[in-house]
Structures are given as C-alpha cells and as structure tokens.
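In short: position in the sequence shown from 1, add 43, done, that's the numbering used here.
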Amino acid sequence: MAGMAWVTRATLCHTMDVSVRELRNHTARVIAAVESGEPVVLTVHGRPVADIVPRHSRSERRPTEQILADLEEIRALSRRRSVESRAEDFDAGLTTDDMLS
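Below, the structure written as structure tokens:
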C-alpha cells in the first residue's frame with residue numbers, strides 16, 4: 044500500500060495513517076491490519092478524523108455462577124474483617140470499555 048503511512052505514536056505502537064480514499068480502495072488490507080492488532084488513523088486531507096482500533100478480546104471467560112460465588116466469598120471476607128466500602132468509592136465515571144482503552 045504505497046500511500047499508507049506508518050507512524051510511531053507516543054504509545055510506542057505503530058499506527059497506520061489511512062486516507063478516506065485509501066480506505067475505500069484498500070478496505071481489505073486496512074481491516075487485515077486492524078485484525079492483526081494495528082490501530083489505524085483515518086485522515087481527510089491529511090487531518091486525523093477517526094481511530095479504527097482492534098476490539099479487545101476477553102482473556103478469560105467464567106460462568107456467571109462462578110463470578111457470583113467469588114463475589115459472595117469477597118463479601119463474607121470483608122464482613123469477617125469489618126471492612127466497609129461505600130458504593131460511591133467505586134464510581135470512576137467510566138465504563139469497563141473506557142478503562143481498557
């Protein structure tokens with residue numbers, strides 16, 4: 044892909060800058076790059092307008108019953124140790140997707 048530029052960003056990962064025209068003409072290549080883990084910056088007249096990033100995959104899948112049992116175990120342990128936490132202490136104002144980004 045002659046016109047596509049690889050740029051090193053502050054995050055120390057390689058990012059591919061792709062114009063709208065290049066995206067239209069080389070969609071399969073751009074998607075292959077994203078699938079392989081490379082973030083892509085979409086540009087219009089050289090100006091960045093969007094990021095195309097790989098989706099995060101779960102590192103572990105656990106049954107709901109196991110998660111609920113683990114939470115109950117934590118609750119019981121905190122009671123035994125007289126640990127109290129207010130719900131607002133845990134409100135970071137972010138979703139889990141925001142935290143992974």
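Backbone N, C-alpha and C define an ideal beta-carbon position, used for all residues, glycine too.
| Asked | Found |
| --- | --- |
| Give the DSSP bridge partners of Ser62, in chain order. | Thr86 |
| Between Pro82 and Thr58, is the Cβ-Cβ spacing less than 8 Å? | yes |
| How long is the line joining the alpha carbons of Thr70 and His99, rounded to whole angstroms? | 21 Å |
| Starting from Val126 and walking both ways along the alpha helix (DSSP H), at which residues does that stretch end? | Premise fails: Val126 is in no alpha helix (DSSP H) and is neither H nor E. |
| Express the C-alpha separation of Arg64 and Ala76 in angstroms, rounding to a whole number. | 17 Å |
| Have a look at Ile74, Ser79, Asp60 and flag the residue whose alpha-carbon is nearest the alpha-carbon of Leu85. | Asp60 |
| State the start and end residues of the unbroken alpha helix (DSSP H) segment that holds Val18. | Past the edges of the chain, shown from 44 to 144, lies residue 18, and the structure says nothing about it. |
| Between the alpha carbons of Ala93 and Arg123, how many angstroms are there, rounded? | 50 Å |
| According to DSSP, is Ala135 part of a helix, a strand, or is it coil? | coil |
| Decide if Val73 is buried, meaning its Cβ has at least 16 other Cβ atoms within 10 Å, or exposed. | buried |
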